[in-house]
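A.B. asks:
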Amino acid sequence: MKYEDRIVTAFTGCSVLWAVLGMLAGVYVAAELVWPTIDFGLPGLSFGRLRTLHTTLVLFGFGVSGLIATAFYSVQRTSHVRLFAPGLAWFVFYAWQLTIVLGGVSVMAGWNAGKEYAELEWPFDLAIAVAWVSFGVVFFGTIARRRMEAIYISNWFYGALIIVVAMLHIVNSLAVPATIGKSYSLFAGSQDAIVQWWYGHNAVGFLLTGGFLGMLYYFLPKQAEQPIWSYRLSIVAFWAFVYTYIWAGPHHLHYHSIPEWVQSLGMVMSLILLAPSWATMVNGIMTVSAAAKKLRSDPALKFIVLSLAFYGLATFEGPMLAIKSVNVFSHFTEWTIGHVHSGALGWNALITFGTFYFLVPRLAGTQLYSARMANIHFWLALAGVLLYVLAMWGAGVSQGVLWLSLDELGEVRFSFNDVMAAMKPYYLLRFIGGLLFLAGAVLMAFNLMRTFAGRRTVEIAPPAVPAARGLK
Amino acid sequence: MNFLSLHKRLERHSGLLIFGILVVSSIGGLVQVLPIVLDDAHGAPSAGLAVYSPLELEGRDIYIRESCSTCHTQQVRPLLAEVKRYGPYSRTGEFAYDRPFLWGSKRTGPDLARVGGKYSDAWHHLHLLDPRAVVPASIMPAYPWLAQRDADHGRSIAARMRALQMLGHPYTNEDIAAAPVQLEGMTELDAVTAYLQSLGRSMHAEPQP
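Here the protein sequences come in this chain order: A and B.
Counting the first sequence from 1 gives a position; the numbering used here is that position plus 18.
Counting the second sequence from 1 gives a position; the numbering used here is that position plus 70.
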């Protein structure tokens, strides 16, 4: 019996492709904010549609493909069995990639459900639901047939990703279809807003945080060749995370027309969330500190450790932005964009890159094509994300302060247009930062392709360990 | 049985683990989201709120198609500077017919919750076709195709209104039957303009406290 790794390769390849295309779309919309006429009057290149394409490709193309690839890889190895129902797993692959391709085209053609990070229309929502539940069947099926007694911690996080995202997606997508490409949300107005940010915030929570923590808990110890520093801490952090995150959504709606108690509850729970978030960071840093020597020479580990630093930064910044008196300045500004990207680029993309540098040589049964190229990628990515985030902090704090500034006579001091015009240098810096980050991703795609081109046939079997007590 | 040995049962039974995650992750939603969704008071229209006319609805759906809410919010917060800049702060009852809500999360351009009646139709036409003709520093995209396309060129306005009627919007069957005729001869530009002019209308209709 061998591990089913071809599907891991397939998802990894698609993830890299979507990373490059999704970030290209991102860089292009960033350029449109500096040079607004470069859409050339074409609807498909128009800012609104292209930005939706950007978030769809990076979240569901790059992010989710990477999560499924690593979940399928690690669940087999932590369970010592071949993937359950490989045929169904391949169905998940084709259904998911087809949804991204056709969904991307539909967004450019103007199909849009109008909910942030859930813009795909109802036929795609159905396809996503079916593919996602199938993903869950393959994943939990593998766990149910495991030859290990305990379920390893990375699988709890992947499991929480599957269960909670299914719940969020299904509820938030409830709608009445009017035509094949248009539906109306079951919820309206304020109620819709509360449901949407319950979804939106926890897509961040369970996909971009929880899912990638699953990746961290498997690949960090593997790459550092160290066991997790504290198993007990990981248990406490996991349950605190699953319980607390769900409450934090309303901090996206501070001072909006929703009840005050919902806002305050969202704020308090967001502050509490700092504890489980940082507990996991401490666990990761302590694990890697035992392998500090390896950090100098190993590009994959460097990416993972840097991602941990950005994880710590973003999960500290998040609760701070959720405080109402801070949020009053940060809300609606570029600061939000900076915060999202310090998480999405600094944490999600970097840990995925590091994991791919670890994974692809193993899948190909060979060495990484160029460690030097991976090191250049590391510095491009670091420079890119720093430039991006610093530009957005500058822009966001300026907007927050200037918009709310009143003069001695109690009138607004700055016109909206003046503040908007002052954003141009920041937008240019952000574009350059994004371009650097994209250049690094292209370099990685080339490096991984060359690595895979030199592959040898590898099939890895589960280790022969004595059957554990109490085997299911 | 201490905490860790209790937990050993969870991590050895995948069914229990699934159940545990489902229960623990549901509590927040059940306490914080569900009561609002089930409370009709949070879905009730304010006194002055009218349902969108067919032309306004068409405009709103184009607004969604072009993802205008990526850059324009529709939510005036109850802050002095914001009320000064945009107008009366937003109330829950104004959004009862908004499916989905379009409050947005980012103000690259100004808030639009009170933009209705602030500019003429001609200004909106010019601005949508060539934003920099009216606001030189604007970074908004131009939407030249709006002028070239007929409103409701997909002939779906009746189907869309029926879906909304099903969701409780007060459209009569006569309203729906008359809708396609009302959109004849109109362009998408007219529709978007009509929608923008409707924003904040209910606040004008209501006596201010």
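Virtual Cβ for every residue (Gly too), placed ideally from N, Cα, C.
#1: Got a sec, what are the start and stop residues for the beta strand (DSSP E) P195 (chain A) sits in?
#2: Going by the DSSP bridge assignment, what does F350 (chain A) pair with across the sheet?
#3: Could you tell me whether the Cβ of A131 (chain A) comes closer than 9 Å to any Cβ of chain B?
#4: Are the CB atoms of T370 (chain A) and M233 (chain A) within a distance shorter than 9 Å?
#5: Give a yes or no on whether the C-beta atoms belonging to H112 (chain B) and Q209 (chain A) are separated by under 9 Å.
#6: Which residues, in chain order, does the region 216 to 238 of chain B contribute to contact with chain A at a C-beta distance below 9 Å?
#7: Based on the DSSP secondary-structure assignment, which residues constitute the bridge partners of K200 (chain A)?
#8: Give a yes or no on whether 9 Å exceeds the smallest Cβ distance from A280 (chain B) to chain A.
#9: Can the beta-carbon of F259 (chain A) be found less than 9 Å from the beta-carbon of G218 (chain A)?
#10: Quick one: does I246 (chain B) have its CB under 9 Å from some CB of chain A?
#11: Can you tell me where the alpha helix (DSSP H) holding W265 (chain A) begins and where it ends?
#12: Is V185 (chain B) helix, strand or coil by DSSP?
#13: Can you tell me whether L424 (chain A) is helix, strand or coil according to DSSP?
#14: Going along the chain, which residues of the region 98 to 119 of chain B sit with their C-beta nearer than 7 Å to a C-beta in chain A?
#15: Which same chain residues end up closer than 6 Å to H197 (chain B) when comparing Cβ atoms and leaving out the 5 residues on each side of it in sequence?
#16: Looking at the C-beta of M185 (chain A), does it have a partner C-beta in chain B at a distance below 9 Å?
#17: Quick check on this structure: which residue in A:M304, A:G452 and A:I290 has the alpha carbon closest to the alpha carbon of E335 (chain A)?
#18: Are W216 (chain A) and I171 (chain A) touching if we call contact CB-CB under 9 Å?
#19: In the region 160 to 176 of chain B, which residues sit with their C-beta less than 7 Å from some C-beta in chain A, listed in chain order?
#20: Quick test of your reading: M210 (chain B) and P268 (chain A), contact by CB under 8 Å. State the CB separation rounded to the nearest angstrom.
#21: Within its chain, find whatever has a CB closer than 6 Å to the CB of K490 (chain A); leave out the 5 residues flanking it on each side and keep chain order.
#22: Which residues in chain A have a C-beta closer than 7 Å to the C-beta of S137 (chain B)? List them in chain order.
#23: Quick one: what's D110 (chain B) bridged to in DSSP?
#24: Which class does V99 (chain A) belong to by DSSP, given the choice of helix, strand or coil?
#25: Starting from E278 (chain A), follow the alpha helix (DSSP H) in both directions and report where the run begins and ends.
#26: At a CB-CB cut-off below 7 Å, which residues of chain B make contact with S203 (chain A)?
#27: Would a C-beta distance cut-off of 9 Å place G186 (chain B) and S123 (chain B) closer than the cut-off?
#28: Taking E137 (chain A) as part of the alpha helix (DSSP H), name the residues at either end of that continuous run.
#29: Quick one: is G477 (chain A) buried, meaning 16 or more other Cβ sit within 10 Å of its Cβ, or exposed?
#30: Tell me the rounded alpha-carbon separation between Y329 (chain A) and G361 (chain A).
#31: Give the interface partners of E81 (chain B) over in chain A, defined as CB-CB distance under 7 Å, in chain order.
#32: By Cβ distance, which residues of its chain are closer than 6 Å to F347 (chain A), with the 5 residues on each side in sequence left out?
#33: Give a yes or no on whether the C-beta atoms belonging to Y406 (chain A) and R468 (chain A) are separated by under 9 Å.
#34: Which residues bound the alpha helix (DSSP H) around Q145 (chain B)?
#35: As a quick exercise: from A:V182, A:D425, A:V119 and A:N173, pick the residue whose alpha carbon is nearest that of A147 (chain A).
#36: Going along the region 112 to 141 of chain A in order, which residues come within less than 8 Å of chain B, judged by CB to CB distance?
C.D. replies: Quick look at the numbers:
#1: A193 to T197
#2: B:K176
#3: yes
#4: yes
#5: yes
#6: G224, S226, A229, R230, M231, R232, A233, L234, M236, L237 and G238
#7: A:T197
#8: Here chain B covers residues 71 to 279 and nothing more, so residue 280 (chain B) does not appear.
#9: no
#10: no
#11: Premise fails: W265 (chain A) is in no alpha helix (DSSP H) and is neither H nor E.
#12: coil
#13: strand
#14: G98, G99, Q102, V103, I106, V107, H112 and G113
#15: V204
#16: yes
#17: A:I290
#18: no
#19: S160, R161, T162, F165, A166, Y167, D168, R169, P170, F171, L172, W173, S175 and K176
#20: At roughly 30 Å, the Cβ-Cβ gap does not stay under 8 Å, so M210 (chain B) and P268 (chain A) are not in contact.
#21: With a pLDDT of only 38 at K490 (chain A), under 50, the local geometry of the prediction cannot be trusted, and the value read off the model is given with reservation. Around K490 (chain A): no qualifying Cβ.
#22: G66, R67, R69, T70 and N130
#23: Note: D110 (chain B) sits in no beta bridge, so no partner.
#24: coil
#25: E278 to I290
#26: R169 and P170
#27: no
#28: Note, E137 (chain A): premise wrong, no alpha helix (DSSP H); not H, not E.
#29: Note on identity: in this sequence residue 477 (chain A) is Glu, with Gly being the wrong assignment. Exposed.
#30: 6 Å
#31: A168 and I169
#32: G418
#33: no
#34: No alpha helix (DSSP H) holds Q145 (chain B); DSSP gives it neither H nor E.
#35: A:V182
#36: G128, W129, N130, A131, G132, K133, E134 and E137
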